[in-house]
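Everything below concerns the one structure shown next.
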Amino acid sequence: MRDRRSFLKFGAGVAIGSVAATIPAMASTNDCGPAIKWDETHDIIIIGSGFGGLSSAINIKRSGIKSVLVLEKMLQFGGNSAINGGWFAVPGNPIQVSEGVKDSPALLVQDQIAAGRGMASEEHLTAIANRALDAFNLCVDSGVRFREGFNMLVGGHSIARAVRTVDGTGGEITRNLYKVAKSEGVDLRNQQYVEDFIMENNKVIGLKVRRNFRYPDLTTGEIVFIKANKGVVVATGGFAMNKQLCKLLDPSIDPTMDCTNAKGATGEVTLTAMSHGALAVHMNMIQTGHWGSPDEGGFGWSNALLSITWHEGMVVSVLNGKRFMNERADRKYCSDRILANRYEDNSPAYPIAFFNYNDHPDDDRVVRALRDEMAWKMDSVEQMATKFNIDPKTLQESIDLHNKHVAERKDPLFDRVMDTAKHLAPPFVVSRIWPKVHYCMGGLKTDLGCRVIGSKNLEPMKNLYAVGEATGGVHGTTRLSSCACLEGLAGGFIVAETINSDNKV
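Okay, structure coming up:
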């Protein structure tokens, strides 16, 4: 049995993101000496500073636990949460209430279960959805600004319930939550690489940390041992930037796809927890974002720009100039259909997505996309057809058919909801689309209280908790848009209550 005298040790000098770096080798007891000398002690240590980590920190601190430490691997706080699109599913949000829209956590969960295709956990989704308003109010009370009057129906949802931050990024949330956490006495540290959990039998009692680590060099910094009296919360997000691990888990991942994630999303902490007996589930379910553009790297502007296209415009194949999907469906459906567009040599035939330029000439999403040349202004159907090598007659026919469906408010081809679709006429804003690896559905299995389940007895491991994308088995095959923000923020409320219950604070 590994304990505080015998723990895992990473090999030095291996690049982060490779499986070799994230699966450590056993060290001898001589590496620690007769007993670990703790460099410092805290009640709770949270690994990660995204939505889940910051919400957990604030809620745990407010619950009465005195010493809360947040460790962030990278130089910047916020992780993937800071660069996400700022969409937040909130059933019962103030805009719905003001407009008389009837919604509920149960209706959200119903949509999520349908998207999960039989693999989602209704119990976990319900626990999360029930804290949506708490999470929203935490943001508002912390100074987060949401777009006035904005409440959108996004892909896979049956009702408009997604609010969005003013700048269209999750950074509006993470920046403000960071300020609140710091002002309320949470100890937040960056450049802290967690090398291992220190165990006493099946109980987590602390962490081995490389302090002042400089990504990605594992030889930098100094090793310290930090004791956790009441528990460790894993809020490290997914592992989508660990391409070697993703390929091992899901060999079917298309190599032509980019990734939207921040560089630090490589999953070392998840793998280390697994090496200590934590149960991981759905690790091969790696979701793509169908709103990616091949004309920019990483997350980019395409997510924001295409939020217009999905509602108002249309998508056509460059192979035949015709529509081929329901633009308002969930991510898996759309990604699968986009990826099917191939030339005879199997190379990508990037579909084009477009909407009316004159409806959004000063919209920051349009201005940025045109400036960075990930989209183009096309003054005629002929110009668009020439640029993308499409038969102009067929393209015009597809637009005419779309306009007919707009007038009828019915799409007999793909059953798209046409409530926001617009009559299309040039000039157009046109972009190419191709999915990008985006979100890990798999991770550490938890109970409803965010306690990590052990693989040996399928019971909660003592003092080990997980929230957000670091967990698995929640959404099933597909996570709906705007639900990552909800899951991370809501998890902070749930885990704070659990930790207090476990420690009888």
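For the sequence shown, the residue numbers in mature numbering (1 follows the signal peptide of the UniProt record, and there is no 0) are -27 to -1, 1 to 478. Built from N, CA and C at the ideal position, the CB exists for glycine as well. Keep in mind the model is a prediction, meaning the values are calculated, not measured.
To the nearest angstrom, how far is the alpha carbon of V402 from that of M172? 56 Å
Hey, could you find the ends of the alpha helix (DSSP H) T243 is sitting in? If you look at T243, you'll find it in the alpha helix (DSSP H) that goes 241 to 248.
Residue range of the alpha helix (DSSP H) that M287 falls in? Segment 287 to 289 is the beta strand (DSSP E) holding M287; no alpha helix (DSSP H) there.
8 Å Cβ cutoff met for E227 and M347: Here the sequence assigns Asp to residue 227, which means Glu is not the residue at that position. No, Cβ-Cβ distance for D227 and M347 is not below 8 Å.
Outcome for S428 when other beta-carbon atoms lying within 10 angstroms are tallied against a minimum of 16: exposed
Would you mind reading off the limits of the beta strand (DSSP E) that contains H396? No beta strand (DSSP E) contains H396, which DSSP labels as neither H nor E.
Since K220 is in the alpha helix (DSSP H), which residue starts that stretch and which ends it? 216 to 222
What first and last residue would you give for the alpha helix (DSSP H) that runs through R341? 337 to 344
If you pair each beta-carbon of the stretch 424 to 444 with each one of the stretch 379 to 389, do three or more pairs fall below 8 Å? no
Counting only runs that start and end within the stretch 119 to 206, where is the alpha helix (DSSP H) found for 4 or more residues in a row? With a minimum length of 4 residues, the continuous alpha helix (DSSP H) runs that stay inside the stretch 119 to 206 are 144 to 156.
Through-space distance from S22 to G211, alpha-carbon basis: 13 Å
M298 versus C307: straight-line alpha-carbon distance, rounded: Inter-residue distance for M298 and C307 is about 7 Å (C-alpha atoms, whole angstroms).
Could you give the distance in angstroms between the alpha-carbon of R304 and the alpha-carbon of Q260? 8 Å
My output table needs one value for S404: the three-state DSSP class, helix, strand or coil. strand
First through last residue of the beta strand (DSSP E) which encompasses M92: Following the DSSP letters along the chain, one finds M92 in no beta strand (DSSP E), marked with neither H nor E.
A326 bridges to which residues according to DSSP? V288, S404
Proximity test, Cβ basis, 8 Å: F361 and chain B: The structure shown contains no chain B, having only a single protein chain.
Can you give me the Cβ contacts of A30 inside the same chain, cut-off strictly under 6 Å, excluding the 5 residues immediately before and after it? I19, V41, V43, A154, V159
Check the DSSP bridge columns for Q69 and list the partner residues they point to. Partner(s): none; Q69 has no beta bridge.
Once you ignore the five residues that flank L459 on each side, which residues in its own chain have a CB closer than 8 Å to its CB? Only F61, A62, V63, I101, A102, A105, A108 meet the Cβ criterion.
For K409: DSSP bridge partner residues: G262
According to DSSP, K34 sits in a beta bridge with which residue or residues? Note: K34 sits in no beta bridge, so no partner.
Beta bridge counterpart(s) of G427 as assigned by DSSP: Per DSSP, A251.
Would the stretch 7 to 16 count as touching the stretch 83 to 98 if we require 3 or more Cβ pairs under 8 Å? no
Are the CB atoms of A235 and I56 within a distance shorter than 8 Å? Between I56 and A235, the CB-CB gap stays under 8 Å.
Would you decide whether N110 is buried or exposed? Buried here means 16 or more other CB atoms lie within 10 Å of its CB. exposed
D231 burial status per 10 Å Cβ neighbour count (16 or more: buried): The residue in question, D231, is buried, as its Cβ has 16 or more Cβ neighbours within 10 Å.
Could you give the distance in angstroms between the alpha-carbon of D475 and the alpha-carbon of T444? 20 Å
What's the gap between the Cα of E195 and the Cα of K152? 27 Å
Provide the residue span of the beta strand (DSSP E) that contains F466, from first to last. Looking at the DSSP string, F466 is not in any beta strand (DSSP E); the run it does join, the alpha helix (DSSP H), is 456 to 476.
Whole-angstrom distance between S156 and I472, CA atom to CA atom: 22 Å
Tell me which residues share the same chain as I(-5) and place their Cβ nearer than 8 Å to its Cβ, disregarding the 5 neighbours each side in the sequence. Per-residue confidence for I(-5) stands at a pLDDT of 47, beneath the threshold of 50, marking its modelled position as unreliable; the derived number appears in the next sentence. Hits under 8 Å: L244, S248.
On the DSSP bridge list, what partners appear for P334? Its beta-bridge partners do not exist; DSSP assigns none.
Could you tell me how far apart the beta carbons of L150 and L27 are, in whole angstroms, since I believe they sit closer than 8 Å? 4 Å
Tell me L44's beta-bridge partners as DSSP assigns them. I20, R162
Give me, in chain order, the residues of the same chain whose beta-carbon lies closer than 6 Å to that of Y323; leave out the 5 immediate sequence neighbours on both sides. Only P267, R405, W407 meet the Cβ criterion.
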